[in-house]
Structure formats: C-alpha cells, structure tokens
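Scroll down for the structure; my scribbles are underneath it.
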Amino acid sequence: MAADELRIRIAVNDDRRELDVAVHHTLLDVLRDRLGLTGTKECCAEGECGACTVLLDGRAVNSCLILAVEADGREVTTIEGLADGDRLSRLQAAFLERGAVQCGFCIPGMVMSAHYLLSHTPHPDAAEIREGLSGNLCRCGGYNQICSAVALAASTADAEAGE
Amino acid sequence: MFAYARPERLDEVFALWDAEPTARLLSGGTDLLVAIRTGRARPPLVIDLKRVQELAPGIAERDGALRIGASTVLSDLVADPRVRAAFPALVDAALVVGSIQIRNRATLVGNVCNASPAADTATPLLAYGASVEISGRSGTRRVALDAFFVGPGRTALEPSEVVSAIELPLPTGPIGAAFRRMTRRRGVDLATVNLCCVVASDGVTRIGFGAVAPRPLLVVDDSGVLADPDADPDAQETVLRRLAAETSPISNVRASREYRAAMLLVLTRRALAAARKRLDEARHGGR
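Sequence lines, in order, name chains W and P.
Note that our numbering numbers the first sequence so that position 40 is 1436, with each residue one more than the last.
Note that our numbering numbers the second sequence so that position 256 is 514, with each residue one more than the last.
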C-alpha cells in the first residue's frame, strides 16, 4: 500500500493535469519544477515566510508544507492564475499602482494571501489587512505600500460594483 | 526520502504501522514536514490520515459535549458558531497559532498530539476540561487532556493508538474564560508564556499554563478565592503564587526562567480579571 511514486490529478489554474510525482516532493516542488510555474517562490521552506502561498481548494496554504500527493484531486490556484491573459487582476494592478513591489520576491505570496483575504472579507479594515498578510514576510520592508495596495483593490472593487 | 500511504480505514493504519513501527502519522503536516525538512524526523513511511473515515473532519454536539474530529483544521474550528459561543478563549488561542496559511492546514488534534509545552490551544483545552478520544485496535478510550500530556512531545498514546477526536464538555452554568499570551512578535511565533483562566459560577477556577513546564499544565483553585472579585487581594496573591509554584519554567532562546516566572504572574492576574468580568457578564447578560 505504501508507494514511492503516485499518479495524481490536480487542476492548476483550471488546467487539469495528471502526473506521476515522487511522494516526498512538495506541492511547491511540483508547481515549480514539473509544471514550470515559477511565480510561486521557495524561501524559508518551513512555513514561516509565506513566499510559497497558493490557494488549495480556495484556501491560502504554504505549498512548501504540503506534499504534492496531498493535493491529489484538489484545485490549486497560483499567482499565474490571477491575470486574465495579459490583463492583470484588480489586486495585481493595485500593487503596481501603489509601488508595492520592490525586490519582488515576496510579492506572489503577498498577492495570493491578499486575494484570499478579499475572497472572504471584501471590505477589510486596516487591522484585517495586516492580519490577513501576517503570514507573509517582506524583507524590503514594503509593508505600508503592500497594505495600501490591498485597500486600494478593495475600494476599486466597490467602485466598479457601484457603476 | 520516505514512502507514503493514504489509508481509508483505521485498521489499515494499524496494519501499516505494525509493518513499519517508526512510521509517522501525517495530518496537517505543518509540524511533521518541517521536522522532516530539517532532519529532526527521518521516517521510512509517512501515513496520511486525512482520508481515514474514522478521523473525518467535523464538529458535532453529542452527550453534552462538542466532539471535534481529528482532521478538523483550526480555520474551521474558529469559524464554528458553537465553538465561538461556548469556548471563546479556545478561539482566541487557535487564532494565534502560526499564520492563516498554517491554520488552513493544521488540525486541533495534531496540535495536541505534537505535545509542545507551548502549544497555544492546549491551555484553553485544559482549562475548559477537554478530553481526548483515543482509538486503538480494541476500540476507543477517553483520557482527560491533563493526563494525556506526559512530557515535551510525549503523550499517553500507546503503540497503535491515535487520537480520533477531542471532546469539550459544554458548560452547564455561566463561566468566564480568558486566554493570554506573550510573544516576541505578534504572528508566526511560539509563546514565551501562554495561559487560559476559566472561572465558573461555583467558584472553581481552572488555569491552563503553557511554556512554563515540561508539558502544558492544569492547576485548579477550588477555594473560591480567585473567582471572587471581592476577595482580599493578599489572599488572592497567596493562592496565585501557590498555583504558580507548580510550574518549572526553563531558560531558552525565547526568555529566561526568571522572566517567565514573573510574566506568568502578570498574565495570570490579567487573565483572571478578564475571566471574572466575563463571568459577571454571563451571569447578568441573561445567558
């Protein structure tokens, strides 16, 4: 019953994939090295920094702490899944608008955590934004711009909804 | 490198475990995968429990208690209206475990089985009188959580036993509870000291202390002194110091022994005041 390799079926950014994976490989390993989705970053590799954040069945998780085989039969959304072709999502555009990206390494994880926050709390206050991003570290220290970008994305969503 | 199995029934888990006694059990993975990554754990086999029917996620009310299934993640625990209404201090504690990403994977049962002396959820579970439901080959047994914690990383589980649920007795009268915690930073940190006080209307005060002993520690004051807001402050301090004397804090990277001992008293006084206030509100709030 125990295996070293397993065939898994996962839907990554709505793309259904079937692949054989080594059981000790993490979801992060498979996303980056097998599927070429290198937007998701590997940094601390122990669940402290949030750079590897993706959505698993709609919930933000650290992909470095999940074996790829655990994602079998599930849906994964990565940073590559947010834009519509060349058109950035409102949240991604807000990060650019507010100059929230400095070195950029933490940004995919930040955007995914913010995306998750807005998916269940469309109108976060400042404290909710900070709490929503508390599992993500930025060593450039761009937290003010990042929080400002999330607030902007939430308010522009309101403006569009009100039109 | 390890092999992986994902059984769907408990008897399959036990069969796998018998064949590979040093296998490790995987639930949320937020502790185990870090331990494997850093080389602290080198299991030949990882047994994933998330598809095991008997360990399914879910919170159910049964026989005057809330039963929290083994695969229930902390995010679902804190969102449950029954948990929020009856055990708010457990919600407060669960909300400081790791990060949002961690809480979306980590389970309450896993946090308890990891048996860290500093586990945040352990202190409210102790103070609220939780017990663990243990499943083995010959059936299930229940153990009070205080007897379940044996030492750092060590529990009362025997070989071929797993925790299938945690049971929280629903309060039968008004209670007030408060969780307090001291860390170096707000998120993704382990507690320097954490604790939870539960004050009941019958005068009994139960306190779960964390990070000040080899295991999460339950202390009880049934003299009524701590629960009484009008009790003589000196008498309260005497009781408090007697309870704190049951702890044995150590010095480590997070704080010194002396600092922990001092902060334990400060945080306990604050938690007691908050718990008494909530008890008062519960009594007069018509609940």
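The beta carbon of each residue, even a glycine, is placed where N, CA and C say it ideally should be.
Query	Result
First through last residue of the alpha helix (DSSP H) which encompasses S393 (chain P)	Looking at the DSSP string, S393 (chain P) is not in any alpha helix (DSSP H); the run it does join, the beta strand (DSSP E), is S389 to G394.
Unbroken beta strand (DSSP E) run spanning T1473 (chain W), endpoints	E1471 to T1473
Residue range of the unbroken beta strand (DSSP E) whose run includes D1416 (chain W)	D1411 to A1418
Length of the line joining the Cα atoms of V304 (chain P) and V271 (chain P)	11 angstroms
Chain W residues whose Cβ lies nearer than 8 angstroms to that of I326 (chain P)	Per Cβ cutoff of 8 angstroms: no residues; I326 (chain P) is ~19 angstroms from chain W at best.
Contact with chain W by Y262 (chain P), beta-carbon distance below 8 angstroms	yes
Rounded C-alpha distance that separates R545 (chain P) from R536 (chain P)	Here R545 (chain P) scores only 46 on pLDDT, less than 50, and its place in the model is too uncertain to base an answer on.
C-alpha distance - R439 (chain P) paired with A388 (chain P), whole-angstrom precision	20 angstroms
Helix, strand or coil at G1432 (chain W) [DSSP, three-state]	coil
Exposure of H542 (chain P), with buried meaning 16 or more beta-carbon neighbours within 10 Å	exposed
Stretch-stretch touch, CB-based, cutoff 8 angstroms, three pairs: the region 487-505 of chain P with the region 523-532 of chain P	yes
Any C-beta of chain P under 8 angstroms from that of N1458 (chain W)	yes
Extent of the continuous beta strand (DSSP E) to which I433 (chain P) belongs	I433 to M440
Buried or exposed by the 16-neighbour rule on C-beta atoms within 10 Å, applied to R412 (chain P)	exposed
Straight-line Cα distance separating A1510 (chain W) from A347 (chain P)	27 angstroms
6 angstroms CB neighbourhood of C1445 (chain W) in its chain, flanking five on each side removed	C1439 and L1533
Beta-carbon proximity check, T381 (chain P) vs V331 (chain P), cutoff 8 angstroms	no
CB contact below 8 angstroms: R552 (chain P) versus chain W	Missing from the structure shown is residue 552 (chain P); chain P here goes from 259 to 545 and no further.
Contacts that A1399 (chain W) makes with chain P (C-beta to C-beta distance below 8 angstroms)	A261, Y262 and A263
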